[in-house]
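In this note's numbering, the protein residues as written are 753 to 1168.
These notes concern the structure reproduced below.
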Ligand SMILES: *Cc1c(COP(=O)(O)O)cnc(C)c1O
Ligand SMILES: [Zn+2]
């Protein structure tokens, strides 16, 4: 918190003290989204790349000067962040590129990038004096919150609202972590409103990333890390799948912070990728008109958000970085699950690989050039949603336990 100056409304510029439970701009009818502002000059004086390199904490907390938390607040014991970056020639070739960096955020403790925000929520909830944290989620925000809360060893509780279409893998995960799970018979939108009402009624801490300004600060650690892992030499493009918009907004904020304190000199152009069946932010990006709510018609459940909360921050991020947006079909997403899996050994969930599918499209269209340096993030682990994994990969070879029949099957060329 040492370097946090204030919260600023991205709509009207009103400033607020950085209280842990200040979520939205009161002046904008509690609709304006707030952003955390830091004293970059002071950070620059106190913190260097050498200091960072000497830090042995391989988690998101190694970036403490750029995080809005008090040093003494207890943190979840799960190790969040410091996920690997792979440089894959074969995947690059498949995508039509010379070089691609893949950051596997599915290797976070509960299997998605959302751990970065949930770890932050657990810390901020304590600073706000709350013991119950709640959210509505298509799955990953929920399971990450449940896991991070569980790691506090009984000190806190999680209440989770999920839409009934949330994949069983994810719902099971939160039950295992001991969360109170409310499966709402309705859309994500309806689950969101129910959680909002309950949070206000029972005064719980709000882990809805669209409105809680601190959660984007957790998510930004993905680009702080990526920058450090690439030795602060930034790629030309950085790609994310987009649902609510907080992830790409956070990624941009991290890059902006690093530029302000002089750790990097260039911000990559951000590419936001949505699913064709649910692409309200891409539409607003293209038409430059206010966002219209859409249906949520995609198998990539983690980005099926018909009414995104943080679309303004997401659009700012993409425009400020001179980036672009693109949509992909469910079929392209399923194909990319297989492509990424076969070329890198990384199993991403549908929304986890959607960015790569969009990237491929933009390379085909000539928007991204073959020689451009690109990084993209796998945002969630494929084991969470094996139903779609199966759709993408098909069935295994079935044979009786008999070598001759196995040989015949091979020869028929059924599979190999
Ligand atoms: C949440 C999520 C996203 C998108 O993040 P938003 O902040 O909603 O834009 C992408 N992929 C996965 C796996 C996610 O869980
Ligand atoms: Zn405002």
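All C-beta atoms in this analysis are idealised placements derived from N, C-alpha and C, irrespective of residue type, glycine included.
A quick note: this is a predicted structure, and the numbers were derived from the prediction, not measured.
Asked                                                                                                                              : Found
Contacting residues, own chain, Cβ-Cβ under 6 Å from residue 903 (five flanking each side not counted)                             : 828, 829, 830
Euclidean distance between Cα positions of residue 900 and residue 803                                                             : 28 Å
Separation of residue 1054 from residue 846, as counted between CA atoms                                                           : 25 Å
Check: residue 1064 C-beta below 7 Å from any heavy atom of ligand 2                                                               : no
Where residue 1026 falls, given that 16 or more other Cβ within 10 Å makes a residue buried                                        : buried
Limits of the unbroken beta strand (DSSP E) element including residue 839                                                          : 837–839
Runs of alpha helix (DSSP H) wholly within the stretch 891–967 (minimum 4 residues, chain order)                                   : 892–902, 920–928, 940–954
Check your reading: residues with Cβ closer than 5 Å to ligand 2 heavy atoms                                                       : 761, 763, 764, 766, 777, 779, 780, 784
Those residues which DSSP pairs with residue 993 across a bridge                                                                   : 1025
Beta-carbon proximity of residue 767 to residue 759, cut-off 8 Å                                                                   : yes
Beta-carbon proximity list for residue 816, same chain, < 8 Å, skipping 5 on both sides                                            : 823
Residue 798 - DSSP class collapsed to helix/strand/coil                                                                            : helix
Same chain only: Cβ atoms within 6 Å of residue 987, ignoring 5 sequence neighbours per side                                       : 1020, 1125, 1126, 1127
Rounded distance between the beta-carbons of residue 957 and residue 877, thought under 8 Å                                        : 4 Å
From 1121, 991, 909, residue whose alpha carbon lies closest to that of residue 881                                                : 909
CA nearest to the CA of residue 991, picked from 896, 1115, 1041                                                                   : 1115
For residue 1030, three-class secondary structure by DSSP                                                                          : strand
Closest Cα partner of residue 870 within the set 1013, 1096, 999                                                                   : 999
Minimum length 4: unbroken alpha helix (DSSP H) runs contained in the stretch 1095–1143                                            : 1102–1116
Expected contact under 8 Å - CB spacing of residue 1052 and residue 950 to nearest Å                                               : So it is not a contact: roughly 27 Å between Cβ atoms.
CB of residue 858 within 8 Å of CB of residue 1024, strictly                                                                       : no
Beta-carbon contacts of residue 1031 that lie in its chain and below 6 Å, excluding the five residues immediately before and after : 1079
Residue 955 to residue 782 span [Cα, whole Å]                                                                                      : 16 Å
CA nearest to the CA of residue 872, picked from 1033, 972, 1120                                                                   : 972
Entirely enclosed alpha helix (DSSP H) segments - the stretch 832–886, minimum 4 residues                                          : 841–847, 867–879
Any 3 or more C-beta pairs closer than 8 Å across the stretch 1001–1012 and the stretch 1095–1113                                  : no
Per-residue burial, residue 1159 [other beta carbons within 10 Å of its own, 16 or more giving buried]                             : exposed
Residue 867 CB to nearest heavy atom of ligand 1 below 7 Å                                                                         : no
Stretch-stretch touch, CB-based, cutoff 8 Å, three pairs: the stretch 889–897 with the stretch 912–929                             : yes
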